[in-house]
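There are 2 protein chains.
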Amino acid sequence: MKKYKGYLIDLDGTMYKGTERIEEAGHFVDYLVRNEIPYLFVTNNSSQTPKQVAKKLNEFQIQASEDRVFTTSQATANYIAQKKDQATVYMIGEEGLREAIQTSGHHLVDENPDFVVVGIDRDISYEKYAKACIAVRNGAAFISTNADIAIPTERGLLPGNGALTSVIAVSTNTAPVFIGKPEKIIVEQALEVLGVAKEDTLMVGDNYDTDIMAGMNCGIDTLLVHTGVTTKELLKQYNSQPTYTIDSLSDYLKHIN
Amino acid sequence: MKKYKGYLIDLDGTMYKGTERIEEAGHFVDYLVRNEIPYLFVTNNSSQTPKQVAKKLNEFQIQASEDRVFTTSQATANYIAQKKDQATVYMIGEEGLREAIQTSGHHLVDENPDFVVVGIDRDISYEKYAKACIAVRNGAAFISTNADIAIPTERGLLPGNGALTSVIAVSTNTAPVFIGKPEKIIVEQALEVLGVAKEDTLMVGDNYDTDIMAGMNCGIDTLLVHTGVTTKELLKQYNSQPTYTIDSLSDYLKHIN
């Protein structure tokens with residue numbers, strides 16, 4: 001197995017499973033820290049700030065500080081900054097998205113924005129949708145943090161941001177630019193923050209359709225770990241296979257040591 | 001021009017235009033009343049009750065009582081009754097839909113419904129979407145009053161029910177049964193209420209994509225009146241033409257008298 005100089009690492013299903021700890025995940029991160037290998041946790045969750053995500057990881061006994069977390073909200077804010085400095089943004093979303101947009105120097109506005117950005121918003125309303133539709137019809141660029149159709153919760157699968165985004169897409173007949181995994185945009189942004197070359201970076205995740213596809217779409221090597229969504233059985237259905245496939249992250253440590 | 005024994009008549013663009021009166025529309029309805037020809041106003045608007053719709057028509061000096069109004073909410077409630085008597089329904093929608101469902105003897109419930117029904121709801125929330133998604137995933141039949149993607153308002157085009165419905169469709173990967181125009185379901189239900197045979201009924205409307213298509217889908221004759229959405233220019237783009245096309249309903253009265 002090749003030794004990598006940097007890692008992009010998924011969270012749910014890879015570092016923990018819902019409310020459940022994955023012990024091997026902690027050991028894997030300990031190894032990275034011990035060997036001073038750069039890593040970033042890359043998540044499609046737009047609702048939380050990096051600080052909140054790091055705190056959650058710490059509760060699962062995984063070493064993480066907020067500068068090790070890269071959310072799709074940050075990727076979105078960086079993507080906007082590449083298009084326009086100090087852009088005006090009409091946002092549907094929660095704290096993580098708001099903080100990322102404001103930290104990047106953009107301005108949140110209610111009318112005539114340069115960009116309409118949609119992230120998961122558990123306080124969604126018709127008025128928010130109305131404002132977004134009017135802005136997109138008036139020519140604002142339409143961006144969505146991620147296309148996930150559902151969120152696993154204790155109650156079952158609840159609507160994800162891709163589903164919420166569809167109201168504006170359908171009403172205005174305009175396809176958004178999605179930022180999160182499996183899109184390559186978030187991986188490109190994460191690589192820039194990580195500061196490691198593409199060919200020396202490994203994308204680690206449990207979900208073929210998001211994590212592995214994102215790595216593939218960006219042309220970086222991928223490691224699928226069977227601790228979450230994509231089982232061995234499910235993996236057989238795909239033509240393109242990940243660079244590596246393992247049962248748990250402790251197997252990976254055995255291989256590289 | 002053939003004389004018809006019954007009429008199904010669209011509202012906005014045909015009987016009035018937004019907040020504007022269409023004078024000829026009133027004369028046309030006067031003719032129907034005078035000659036005791038059965039008619040029904042058929043609308044995709046699920047939010048209002050027949051009484052509210054009739055009141056609005058009266059304000060435009062058009063003869064209408066609530067039993068002359070047939071909304072997509074009523075069509076939806078009747079459709080459900082054909083599938084199951086006294087069904088349990090989880091509803092997203094406004095007063096018109098609520099009244100129609102309850103009047104038809106169905107029971108509104110929050111959990112484990114037989115049907116999930118979605119109509120325009122200016123008080124939409126994430127929690128409403130969550131309940132709908134859980135129910136559809138648990139096997140509830142998924143119905144939407146209409147597929148209109150936008151509603152014209154003074155502020156511009158705001159999200160229509162087809163757009164709101166897409167959240168549940170996308171999240172659960174389940175296509176709803178749409179009831180309203182251009183679907184034939186609403187026309188079939190309206191014909192039943194009208195009590196006139198298909199071949200003796202004329203569908204009158206201004207919108208090719210909803211009114212005329214609904215008539216065609218149900219196999220009844222159609223009259224397109226150029227007082228609303230579909231202009232002469234737009235009409236040229238369609239292969240199948242309406243049975244009749246006129247500039248205003250006073251032209252129609254001239255033809256049949």
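The listed protein sequences derive, respectively, from chains A and B. Just so we're aligned, residue 1 is where the first sequence starts under the UniProt record's numbering, counting upward by one. Just so we're aligned, residue 1 is where the second sequence starts under the UniProt record's numbering, counting upward by one. Cβ atoms here follow ideal geometry from the backbone N, Cα and C, with glycine treated the same way. Because the structure is a prediction, the values reported are computed rather than measured.
* To do: Determine the chain B residues that contact D123(A) at a beta-carbon separation under 9 Å, and present them in chain order.
  => S125 and Y126
* **9 Å Cβ cutoff met for M15(B) and I9(B)** => The Cβ-Cβ distance between M15(B) and I9(B) falls below 9 Å.
* Find out if the Cβ-Cβ distance for the pair G162(B), S144(A) is shorter than 9 Å. => no
* Is the CB-CB distance between I246(A) and H226(A) below 9 Å? -> yes
* Asked: K184(A) to T210(A), Cα distance in whole Å?
  -> 10 Å
* **Below-9 Å beta-carbon distance, Y129(A) vs any chain B residue** => Chain B, which has a Cβ nearer than 9 Å to the Cβ of Y129(A), makes this yes.
* To do: Could you tell me the distance, in whole angstroms, from the CA atom of N44(B) to the CA atom of D206(B)?
  => The alpha-carbon atoms of N44(B) and D206(B) are separated by roughly 13 Å.
* Asked: Between the region 96-107 of chain B and chain D, which residues of the former have CB atoms less than 8 Å from a CB of the latter, in chain order?
  -> Given the protein chain composition of this structure (A and B), no chain D is represented.
* Taking all protein chains shown into account, do 16 or more other C-beta atoms lie within 10 angstroms of the C-beta of Q86(A), making it buried, or fewer, making it exposed? -> exposed
* To do: Name the two residues that bound the continuous beta strand (DSSP E) containing G195(B).
  => Counting along the chain, G195(B) falls outside any beta strand (DSSP E), and DSSP gives it neither H nor E.
* To do: Quick one: list the residues of chain A neighbouring R155(B), beta-carbon separation under 8 Å, in chain order.
  => A130 and I134
* Asked: Comparing alpha-carbon positions, which option in V167(A), I149(A) and I168(A) lies nearest G160(A)?
  -> I149(A)
* To do: Check whether the Cβ of A175(B) lies closer than 9 Å to any Cβ atom in chain A.
  => no
* Asked: How should V117(B) be labelled, buried or exposed, when 16 other C-beta atoms within 10 angstroms of its C-beta is the threshold for buried?
  -> Result: buried.
* Asked: Would you call D67(B) buried or exposed, if buried means 16 or more other Cβ atoms sit within 10 Å of its Cβ?
  -> exposed
* **Cα-Cα separation between V136(A) and N138(B), rounded to whole angstroms** => 35 Å
* Below 9 Å between beta carbons is the criterion; list the residues of the region 166-196 of chain B that meet it against any residue of chain A, in chain order. => S166, V167, I168, A169, V170, S171, T172 and N173
* With F70(B) as the anchor, note down where its alpha helix (DSSP H) starts and where it stops. => Taken as a continuous stretch (DSSP letters only), F70(B) belongs to no alpha helix (DSSP H), being part of the beta strand (DSSP E) at V69 to T71.
* Buried/exposed call for H106(A), threshold 16 Cβ in 10 Å -> buried
* Asked: Cβ of I101(B) within 9 Å of Cβ of S125(B)?
  -> no
* Grab me the residues of Y39(A)'s own chain with a C-beta within less than 8 Å of its C-beta, minus the 5 sequence neighbours each way, in chain order. => G6, Y7, L8, I9, V29, L32, R68 and L194
* **Short Cβ contact (9 Å threshold) for P50(A) with T76(A)** => no
* Asked: Name the residues in the region 212-228 of chain B whose C-beta lies less than 9 Å from a C-beta of chain A; which are they?
  -> none
* Could you tell me the boundaries of the alpha helix (DSSP H) in which S171(A) lies? => N161 to T172
* **Closest residue to T88(A) among I80(A), V167(A) and P113(A) (Cα-Cα distance)** => P113(A)
* Cβ of I62(B) within 9 Å of any chain A Cβ -> By this cut-off, I62(B) is not an interface position.
* For Y79(A), three-class secondary structure by DSSP -> helix
* So, is the C-beta of L158(A) closer than 9 Å to a C-beta in chain B? -> Interface residue, yes.
* List the residues of chain A that A163(B) touches, going by C-beta distances under 9 Å, in chain order. => Per Cβ cutoff of 9 Å: Y129, C133, S166, V167, I168, A169, V170, S171 and T172.
* **Members of the region 137-149 of chain A near chain B, C-beta cut-off 7 Å** => R137 and I149
* What first and last residue would you give for the alpha helix (DSSP H) that runs through Y208(B)? -> Taken as a continuous stretch (DSSP letters only), Y208(B) belongs to no alpha helix (DSSP H), as it is neither H nor E.
* To do: Determine the burial state of residue 285(A): buried for a count of at least 16 other Cβ atoms within 10 Å of its Cβ, exposed for fewer.
  => The question about residue 285(A) has no answer, for chain A in this structure spans 1 to 257.
* Among F41(B), K3(B) and E59(B), which one has its Cα closest to the Cα of Q189(B)? -> The shortest C-alpha to C-alpha distance from Q189(B) to any of F41(B), K3(B) and E59(B) is the one to F41(B).
* Take the Cβ of N78(B) as the centre, count every other Cβ of all protein chains shown within 10 Å, and call the residue buried at 16 or more, exposed below. => By the Cβ neighbour-count rule, N78(B) is buried, with 16 or more other Cβ atoms within 10 Å of its own.
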